[in-house]
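Chain order of the listed sequences is A and B.
Letter 187 of the first sequence, counting from 1, is numbered 1407 in the numbering used here, and no numbers are missing.
Letter 220 of the second sequence, counting from 1, is numbered 209 in the numbering used here, and no numbers are missing.
Encoded as structure tokens, the structure appears first; notes follow it.
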Amino acid sequence: MTSRRRVGELIVLVSAILLGSTAALAHERFVKHNLKYPLHYEFFGRWPGGPFGLHPDMVRIASRVASVLAAFFLIWFVRRPITEYIERSLLRVGGPTQRALHKLACFLTDQPVRDRVFHAIGEWAVIAFLRSPGLVLMYSATNDSLVMPSFPLDPASAQIFKFVQVALAILILTQTWLPLCGAMVVGTWLYLFRWGWMVAVDAVPVLTVAVVYLSSPWQSHKLAITRINAQQMRRVRFVLGLGFLALGWLKVYNHNLIAGVADNAPSIMKDRMIGFFMAGTDPHYRRECWVIAFGLAEIMSGFMMTVGIFTRVWGAIMVFMFTKLLLVDFGWDEIPHIYPISALLTVIFSNQLSSETAPIEALDEAAWRAGHHVRRLAIIGGSTIVAAILVVFPLLYFISFFDRSGL
Amino acid sequence: MTFATTKQLVLMTALWALTLFGIDYAKNPRTLGQLLAPPGALSAAGGGAPVITLYMNHLCCSGCLSDVTTALEKFKALTVKSPSLESEDEANMVPMPEAYFGKQIELEVSDLRYVDFMAIDRALRDAGLVAEHIELRGPRHYRLEATLNHMCCKSCSLGAKEGLEMTRGLKSQGQFKWLDSFDVEKERKLIIANARYDAVADVGEFLTALNHAGFQPSAIVAMTNAEGSPRPTPP
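Structure below.
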């Protein structure tokens, strides 16, 4: 996929987010999300006198997120010399300890991990990933929902849609005609636009498994699919990352929804990473800052996964977050999270990871071989700063022009 | 091994999406304007001022209406929109076909927070009439909270929950279309029915389901604020 095409896809997504005007038709069921107290809506809009017309605390959080993003970018570009230095100079221990540390370094830097247990977990994760949508569809059907429990079915057509979901779930669980399953998942996602663009954006992560189904053979029922090849993994990583990126912007845009969830489950506000991003902000805008910090953190992790920078690290952070939401914060109501968890485990335990930064690294290597240190600095520093700024600020600025208080 | 071609994948995806849209349209026929409008924008229920519609199976003349108006005049938050009816004298002189006995009365609501549907039902019954259906339209996102004087133990809350499970089955028969989900709060002695977005709730159906489960609510109110908020005291 060319970089121009990737940029094109991002523009389509951004346009969809900005141009839509439909309210999300989420319901007060399963995870409760009614606001207990009104938010300070002025915080999210234009703020006279603030930097770029934004609230200073919002800019503070965004700057912090951009800094972390830049730091990870920078470390990514120099990861090889760092790991080599640590392994050869600091950890000259030899034997099993050195092998274990080498595996750890490989894990953290998205290199293949040659380990039997790692490989076995990876195989199991693929099986769970390919089948978990079937369980989620069954769960949704029994709860009068479509695809996800937060999308209630229309009573008039509920019966048919429930049977349709069960039929698709059976195909998935028996691994029958996976290309057809993929087409049905994508087609169902397209149908979600009937209920508004926010619903469809909310369901983007569902498409992750579809990219594997679509590229599977028709005779899938005769195969034990336990590995995902490099091309499939690239697509999985891309769609999964893009899904989280979109969800992050949706949280910033539709602030009432996520603030309402936090009002009903205050424990989700106790997160160290989010706490770091919103440290030092005005306590008067505590909930507003949390919404922005949470949304931007998701955008950052989604972007890292899309681009393929420390994919395993960000994947592990997200697995922790989803597991905490499932087991600690919401309990049974979030049982469909088995799907994103299994998708993330598939990515984490894959030895087929790649990165979209390869062209930049090739330029950097060429400059290094030619001995052009200033050019290296410009390539690495320039791409880091540009990425950090572009990912966070432009859309945050544009969204502030929209009044979202009534969503 | 054979793989699907891009053409096949695009075709299958498009066909499947069209099938789902087709099912949806067949079950919910809409005009082109409604099809192109954002969901909820053209709903008969959503976004407007709250209106309560009483479906009276007997409301033949101005005498009946007078009794209804008198019964409801004590509710400050309600204004009866009188339908055009024949006078008592006309009704005495000209016997009308059975189909003409039933009428709907709309009640304009100035403040939904102070409307108790059980009080409305009681007032009508005391006047010798009854509304088979009491429908609420207007608020986009709301819930009905039924207060039960009796909910002494865990078995009561379990019984209420199990009893209301019948609403799931009845949905497929065209009833409780407005109902999204329900909760039972033993501590506050409440049964909460969460209405679907933009839905027209039938309080009569809710009351019947509660009665079927063995409970008689002392009050049923529609709430649009946060769950757990205290109920306002009528002025």
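Where a beta carbon is used, it is the ideal one built from N, C-alpha and C, also for glycine.
Fair warning: this is a prediction, and the values are worked out from it, not measured in the lab.
According to DSSP, residues forming a beta bridge with residue i
i	result
N183/B	R132/B, S170/B
M1368/A	L1366/A
E95/B	T42/B, K70/B
V189/B	Answer by DSSP bridge pairing: none, since V189/B is not bridged.
V210/B	D105/B, E134/B
R1351/A	DSSP lists no partner for R1351/A.
P1437/A	F(-8)/B
I123/B	L43/B
C145/B	C145/B pairs with nothing; no bridge assigned.
C1509/A	C1509/A is not bridged to any residue.
C53/B	Looking at the DSSP assignment, C53/B forms no beta bridge with any residue, so it has no partner.
Cα-Cα separation between residue i and residue j, rounded to whole angstroms
i	j	result
F1371/A	V1419/A	8 Å
P128/B	P39/B	6 Å
K92/B	F1383/A	39 Å
G22/B	K16/B	17 Å
K70/B	W167/B	24 Å
T1566/A	I1488/A	25 Å
S1570/A	L1350/A	14 Å
A1246/A	Q1439/A	For A1246/A, the predicted model reports a pLDDT of 40, less than 50, meaning its position is unreliable; a value from the coordinates is still stated below. Whole-angstrom Cα-Cα distance: 38 Å.
A1608/A	W1469/A	15 Å
V1234/A	M1368/A	Reliability fails at V1234/A, whose pLDDT of 40 lies under 50, so the model's placement of it is uncertain and the value that follows must be treated cautiously. Taking the straight line joining both Cα atoms gives about 23 Å.
L1477/A	P1486/A	14 Å
M1221/A	F1413/A	Since pLDDT at M1221/A reaches only 43, below the 50 mark, its modelled position is unreliable, and the value read off the structure follows with that caveat. Each residue's alpha carbon lies about 26 Å from the other.
G152/B	C145/B	10 Å
L1238/A	I1619/A	Note that L1238/A has pLDDT 35, beneath the 50 cutoff, so the model's placement of it is unreliable and the number below is only indicative. Roughly 7 Å separates the two Cα atoms.
V1426/A	D1502/A	37 Å
I1325/A	L1366/A	Checking the displayed sequence, the identity of residue 1325/A turns out to be Ala instead of Ile. Going by the C-alpha atoms only, they are around 42 Å apart.
S1360/A	L1373/A	9 Å
M107/B	V192/B	9 Å
A1243/A	A188/B	Low per-residue confidence applies at A1243/A: pLDDT is 33, beneath 50, and the placement is therefore not dependable, though the value from the model is reported in the following sentence. About 15 Å.
L1214/A	Y1617/A	With chain A covering 1221 to 1627 only, the question about residue 1214/A has no answer from this structure.
G1602/A	A1291/A	13 Å
T1446/A	A1348/A	10 Å
Q164/B	F1381/A	18 Å
R1249/A	H1322/A	Because R1249/A carries a pLDDT of 46, less than 50, the predicted location of this residue cannot be relied on, and no value is offered for it.
V1459/A	H1475/A	24 Å
T8/B	W1417/A	19 Å
I41/B	H201/B	24 Å
N138/B	V1539/A	45 Å
I1392/A	A1430/A	11 Å
C1401/A	V1313/A	51 Å
I1494/A	W1510/A	7 Å
A1587/A	H1593/A	7 Å
L1564/A	F1550/A	20 Å
K1256/A	I209/B	21 Å
Interface partners of residue i on chain B, CB under 8 Å
i	result
D1374/A	D13, K16, N17
Q1439/A	M(-10), T(-9)
I1380/A	I12, K16
L1638/A	A question about residue 1638/A goes unanswered here, because the residues of chain A that appear run from 1221 up to 1627.
Buried or exposed by the 16-neighbour rule on C-beta atoms within 10 Å, applied to residue i
i	result
A1389/A	buried
I1302/A	exposed
Y1559/A	buried
E124/B	buried
G117/B	exposed
A34/B	Here the model assigns A34/B a pLDDT of 47, short of 50, so the residue's position is not dependable and the matter cannot be decided.
K63/B	exposed
I1306/A	exposed
V1285/A	buried
K1442/A	exposed
P228/B	Residue 228/B is absent from the structure shown; chain B starts at -10 and stops at 224.
E176/B	exposed
Y186/B	buried
F228/B	Nothing about residue 228/B can be read from this structure; chain B reaches only from -10 to 224.
Q1451/A	exposed
Contact list for residue i against chain B, beta-carbon separation under 7 Å
i	result
A1403/A	L(-2), M1, T2, W5
Where residue i meets chain A, residues with beta-carbon distance less than 9 Å
i	result
F10/B	L1410, Y1411, R1414
Interface partners of residue i on chain A, CB under 8 Å
i	result
K166/B	P1375, A1376
Amino acids of chain B, ordered along the chain, whose beta-carbon sits closer than 9 Å to that of residue i
i	result
G1407/A	M1, T2, A3, L4, W5, A6, L7, T8, L9
P1399/A	F(-8), A(-7), Q(-3), L(-2), M1
message = Any contact between the stretch 179 to 198 of chain B and the stretch 133 to 151 of chain B? By contact I mean 3 or more CB pairs, one from each, below 8 Å.
response = Flag = yes, the stretch 179 to 198 of chain B and the stretch 133 to 151 of chain B touch.
Touching by the beta-carbon criterion (3+ pairs, under 8 Å), the stretch 1546 to 1556 of chain A and the stretch 1353 to 1368 of chain A = Yes, the stretch 1546 to 1556 of chain A is in contact with the stretch 1353 to 1368 of chain A.
query = Touching or not, the stretch 1430 to 1449 of chain A and the stretch -9 to 11 of chain B, by the rule of three or more beta carbon pairs under 8 Å?
reply = yes
inquiry  = Taking 8 Å as the cut-off, does the stretch 1291 to 1307 of chain A touch the stretch 1316 to 1333 of chain A (at least 3 CB pairs, one atom from each stretch)?
reply    = yes
query = Would you call the stretch 1266 to 1282 of chain A and the stretch 1511 to 1525 of chain A in contact, with 3 or more CB pairs under 8 Å?
reply = Yes: at least three Cβ pairs fall under 8 Å.
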